[in-house]
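Numbering (this note's numbering), first residue to last: 25 to 370. Ideal placement from N, C-alpha and C gives every residue a C-beta, glycine not left out. Below is one structure, written out as structure tokens, with a few remarks after it.
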């Protein structure tokens with residue numbers, strides 16, 4: 025009985041994970057063969073080696089090739105079902121996953137409504153069959169035009185009452201500040217839809233300020249570069265805007281050199297609101313469970329520290345308040361039981 029056992033058993037919530045980046049190598053191969061798409065490898069181990077990117081641009085090229093293999097609404101439903109089944113196996117009770125619909129519309133002509141319907145079929149299946157809930161964050165890729173960004177904003181607004189919990193912003197930060205798509209975030213906010221932007225990953229504090237001032241962001245995807253600016257740290261401490269931190273992603277993309285150098289402990293010591301996430305799990309050779317295991321080992325976190333991260337994730341979710349309160353009561357009860365079971369009571 026150990027902390028490792030506790031981590032595997034503990035209930036969790038994940039807020040920062042990309043559906044297209046969560047497709048398993050086996051499924052990428054299946055879809056590529058089905059649609060006659062040539063990949064750099066033709067077996068699972070070869071695909072895993074292909075996933076070993078060297079920098080952010082290389083990662084984006086692989087990510088787009090995976091997206092190319094997703095050609096139909098049935099493919100979308102398949103990858104969403106497989107993803108949510110994997111979340112359930114980790115005891116992740118609620119997930120808010122990011123999906124980039126414009127890529128599939130622009131390159132393959134997939135209707136936005138059909139994409140959303142496929143995601144919702146998978147969501148409803150997971151809720152009925154697996155007992156887990158999920159929400160959709162439809163994100164704008166930073167490198168599209170503001171007009172193209174509005175296409176995603178309008179689709180997200182249309183799905184507000186059917187699974188969509190936020191409008192997001194992802195993709196290459198450098199050269200594409202949040203201000204570029206402010207019109208989309210203004211439109212979403214006017215409709216009552218939350219905005220959740222990536223910022224402060226490969227660009228600095230100015231990107232986070234842009235997400236706050238021009239993106240109306242309710243949470244910050246990554247955000248670790250906030251530590252470059254003491255005024256921003258003070259602001260984030262005061263407002264408690266949640267940070268969606270993904271340590272293995274930061275290491276694999278070269279944002280930090282090694283896990284032991286990750287600023288997660290400092291973010292917590294500064295009193296910032298931190299959640300733990302996996303980002304693009306198979307591409308970073310991780311899962312949310314792995315992230316908990318890795319930070320526990322790297323930073324000597326005890327069960328209570330991990331419980332704090334898990335509850336932060338739940339409280340920062342876009343679930344209705346009543347649902348959050350019920351789930352939090354369940355989580356707290358399970359945490360106490362698991363601590364007793366694994367002899368982790370202080």
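Going by C-alpha distance, which of the options is nearest residue i?
| i | options | result |
| --- | --- | --- |
| residue 155 | 263, 113 and 74 | 113 |
| residue 299 | 321, 270 and 115 | 270 |
| residue 279 | 225, 294, 325 and 323 | 225 |
| residue 71 | 307, 38, 173 and 204 | 307 |
| residue 119 | 358, 40, 177 and 192 | 40 |
| residue 246 | 282, 208 and 286 | 286 |
| residue 353 | 342, 366, 368 and 334 | 334 |
| residue 87 | 47, 68, 66 and 55 | 47 |
| residue 266 | 275, 252, 301 and 277 | 301 |
| residue 135 | 260, 368 and 100 | 100 |
| residue 328 | 161, 369 and 115 | 369 |
| residue 260 | 296, 289 and 305 | 296 |
| residue 323 | 65, 357 and 283 | 283 |
| residue 111 | 305, 133 and 289 | 305 |
| residue 289 | 326, 359 and 150 | 326 |
| residue 315 | 68, 268 and 74 | 268 |
| residue 79 | 150, 364, 131 and 277 | 277 |
| residue 175 | 218, 294 and 137 | 137 |
| residue 228 | 251, 109 and 215 | 251 |
| residue 355 | 153, 218 and 117 | 117 |
| residue 151 | 108, 139, 131 and 121 | 108 |
| residue 77 | 364, 149, 275 and 121 | 275 |
Name the two residues that bound the continuous alpha helix (DSSP H) containing residue i.
| i | result |
| --- | --- |
| residue 126 | 125-132 |
| residue 100 | 97-113 |
| residue 30 | 27-33 |
| residue 258 | 254-263 |
| residue 232 | 229-237 |
| residue 143 | 136-149 |
Just verifying my parser: in three-state terms, what is the DSSP assignment at residue i?
| i | result |
| --- | --- |
| residue 292 | helix |
| residue 62 | coil |
| residue 242 | strand |
| residue 41 | strand |
| residue 77 | coil |
| residue 198 | coil |
| residue 183 | coil |
| residue 163 | strand |
| residue 205 | helix |
| residue 313 | helix |
| residue 268 | strand |
| residue 366 | coil |
| residue 219 | strand |
| residue 83 | helix |
| residue 121 | strand |
| residue 158 | strand |
| residue 340 | coil |
| residue 116 | strand |
| residue 191 | strand |
| residue 303 | strand |
Report, in whole angstroms, the separation of the C-beta atoms of residue i and residue j, which I expect to be a contact under 8 Å.
| i | j | result |
| --- | --- | --- |
| residue 10 | residue 196 | This structure cannot settle anything about residue 10, because the visible part of the chain is limited to 25 through 370. |
| residue 238 | residue 194 | That belief does not hold up - the Cβ atoms of residue 238 and residue 194 are roughly 16 Å apart, past 8 Å. |
| residue 177 | residue 208 | 4 Å |
| residue 241 | residue 272 | Contact flag wrong, Cβ pair sits at about 23 Å. |
| residue 173 | residue 205 | 4 Å |
| residue 191 | residue 212 | 4 Å |
| residue 330 | residue 320 | 6 Å |
| residue 44 | residue 90 | 6 Å |
| residue 243 | residue 232 | Rounded, the Cβ-Cβ distance is 12 Å, inconsistent with contact. |
| residue 30 | residue 362 | 5 Å |
| residue 338 | residue 28 | Actually they are not in contact, since the Cβ atoms of residue 338 and residue 28 sit about 22 Å apart, beyond 8 Å. |
| residue 189 | residue 342 | 4 Å |
| residue 220 | residue 161 | 6 Å |
| residue 81 | residue 74 | Residue 81 to residue 74, Cβ: 15 Å. No contact. |
| residue 303 | residue 42 | 7 Å |
| residue 26 | residue 359 | Going by Cβ atoms, the distance from residue 26 to residue 359 rounds to 16 Å, so no, they are not a contact pair. |
For residue i, report the span of its beta strand (DSSP E) as first-last.
| i | result |
| --- | --- |
| residue 299 | 298-300 |
task = Check whether the region 49-64 touches the region 250-257, counting contact only when three or more Cβ pairs, one atom from each stretch, lie closer than 8 Å.
result = The region 49-64, when compared against the region 250-257, does not touch it at the 8 Å Cβ threshold.
inquiry  = Can you confirm whether the region 103-110 touches the region 27-36 when touching is taken to mean that 3 or more C-beta pairs between the two stretches lie within less than 8 Å?
reply    = Contact between the region 27-36 and the region 103-110 is absent, because fewer than three Cβ pairs lie under 8 Å.
key: contact_flag[the region 183-194, the region 142-154] where n(CB pairs < 8 Å) is 3 or more   = Contact holds: three or more Cβ-Cβ distances are below 8 Å.
ask   = Are the region 119-133 and the region 160-173 in contact at 8 Å, needing three or more beta carbon pairs?
value = Yes, they touch.
query = Counting Cβ pairs closer than 8 Å, one from the region 58-78 and one from the region 91-102, do we hit at least three?
reply = The way I'd put it, the region 58-78 does touch the region 91-102; three or more beta-carbon pairs between them come closer than 8 Å.
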